[in-house]
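Under our numbering, think of the first position of the sequence shown as 431, with each following residue one higher.
Written below as structure tokens is the structure these notes are about.
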Amino acid sequence: MYNLLKGKRGIIFGALDENSIAWKTAERVHEEGGTFVLTNAPVAMRMGQINELAEKTGSQIIPADATSEEDLQNLVEKSMEILGGKIDFVLHSIGMSINVRKGKHYTDQNYAWTQKGTDVSAMSFHKVMQTLYKADAMNEWGGSIVALTYMAAQRVFPDYNDMADNKAYLESVARSFGYFFGRDKKVRVNTISQSPTPTTAGSGVKGFDGFIAYADKMSPLGNATALDCANYTVSMFSDLTKRVTLQNLFHDGGFSNMGVSDEV
431 MYNLLKGKRG
441 IIFGALDENS
451 IAWKTAERVH
461 EEGGTFVLTN
471 APVAMRMGQI
481 NELAEKTGSQ
491 IIPADATSEE
501 DLQNLVEKSM
511 EILGGKIDFV
521 LHSIGMSINV
531 RKGKHYTDQN
541 YAWTQKGTDV
551 SAMSFHKVMQ
561 TLYKADAMNE
571 WGGSIVALTY
581 MAAQRVFPDY
591 NDMADNKAYL
601 ESVARSFGYF
611 FGRDKKVRVN
621 TISQSPTPTT
631 AGSGVKGFDG
641 FIAYADKMSP
651 LGNATALDCA
661 NYTVSMFSDL
671 TKRVTLQNLF
681 HDGGFSNMGV
691 SDEV
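Below, the structure written as structure tokens:
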């Protein structure tokens, strides 16, 4: 432990169970001295074990639907009250596709489901940042916002379906809003493009097991784990990365720069 986040306060979205990256990040942030509020949609909270994480990290939980501006305003206000000041870090670890969940092919979308998935997975990131920005809730120069993404935003992964479009939108929002947040509030905004990781959400993608094995063989360092991602996120929340913003940071063992490996 390096005390990298001592005295820092934050909000962590999306911790569901011990397999989730947000869960591992919350544990690591706690170990590094940070305090935070945990939040997730009420329906997701019923599915997960977030109370256990709150107890372990001495955190409070504020249920919030990240697509609801009203919920987000309440979340930001209450978080500052609970934590005793402005926010230093935010993790957006939210993604959902009803088309994927219900087995709808990319060429046969139910567009009502597509729209819902975009709202939850990408538009919610804009809503979160807009709420923080308007409330002037982030600390200048200390503030760091991170969203989790995947390389299907840039390259074709057929079974990733409409989530690929959602991630491309998410990354664009990070750059566009990140400019204004940096210029006006000295807050940095980045996305981390993680290796395929066996989380509850990731495992729902068709052919996931085969693909995760392929990615591991393609990557010179092998796949990055959820804990590896948590450690990287901690470094992005720390004061060691004060001038890093508007970046999509590949955290994938080198996969993103590979053509083919000897093993493959």
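We put the beta carbon where it would ideally sit given N, CA and C, even for glycine.
Bear in mind that the values here come from a model prediction, so they are computed numbers and not experimental data.
query	result
Under the rule that 16 or more other beta-carbon atoms within 10 Å means buried, what is THR663, buried or exposed?	buried
Could you tell me the alpha carbon to alpha carbon distance between ALA656 and LYS454, rounded to whole angstroms?	7 Å
Using the DSSP secondary-structure output, state which residues sit across from ALA494 in a beta bridge.	DSSP lists no partner for ALA494.
With a cut-off of 7 Å, does the C-beta of ASP549 fall near any C-beta of chain B?	Checking the listed chains, one finds no chain B in this structure; it contains a single protein chain.
Can the beta-carbon of PHE667 be found less than 7 Å from the beta-carbon of SER574?	yes
Could you check which residue in SER551, TYR580, PRO472, ILE517 has the C-alpha nearest to that of ALA645?	TYR580
Would you say the region 553-568 touches the region 472-488, given that touching needs at least three Cβ pairs under 8 Å?	no
Straight-line CA distance for ALA577 to ASP658?	15 Å
Indicate the three-state DSSP secondary structure (helix, strand or coil) for GLN503 in the structure shown.	helix
Which of the three DSSP states is assigned to ILE575 in this structure?	strand
Relative to the C-alpha of PRO626, which candidate in ALA567, ASN620, GLY689, TYR590 has its C-alpha closest?	TYR590
Using a Cβ-Cβ cut-off of 6 Å (strictly less than) and excluding sequence neighbours within five positions of ALA565, which residues of its own chain qualify?	VAL506
Just reading off the alpha helix (DSSP H) that HIS460 is part of, what are its end residues?	451-461
Counting along the chain, where does the alpha helix (DSSP H) carrying THR487 start and finish?	480-487
TRP571: which of MET526, ASP518, ASN653 sits nearest, CA to CA?	ASP518
Do three or more CB pairs link the region 478-488 to the region 509-517 at distances below 8 Å?	no
Here's a check: name, in chain order, each residue in its chain whose Cβ is nearer than 6 Å to the Cβ of GLY652, leaving out the five neighbours to either side.	ASP646, GLY683
Counting only the same chain and skipping the five closest in sequence on each side, list residues whose C-beta sits under 7 Å from that of ALA654.	GLN624, SER625, HIS681, ASP682, GLY683
Measuring alpha carbon to alpha carbon, tell me which of GLN479, ALA660, SER649 ends up nearest VAL690.	SER649
Pull up the distance between the alpha-carbon of GLN490 and that of ILE480, whole angstroms please.	10 Å
In the DSSP assignment, find the unbroken alpha helix (DSSP H) run with GLN383 in it and report its ends.	Residue 383 is absent from the model: the chain starts at 431 and stops at 694.
Give the secondary structure of GLN584 by DSSP, where H, G and I count as helix, E and B as strand, and everything else as coil.	coil
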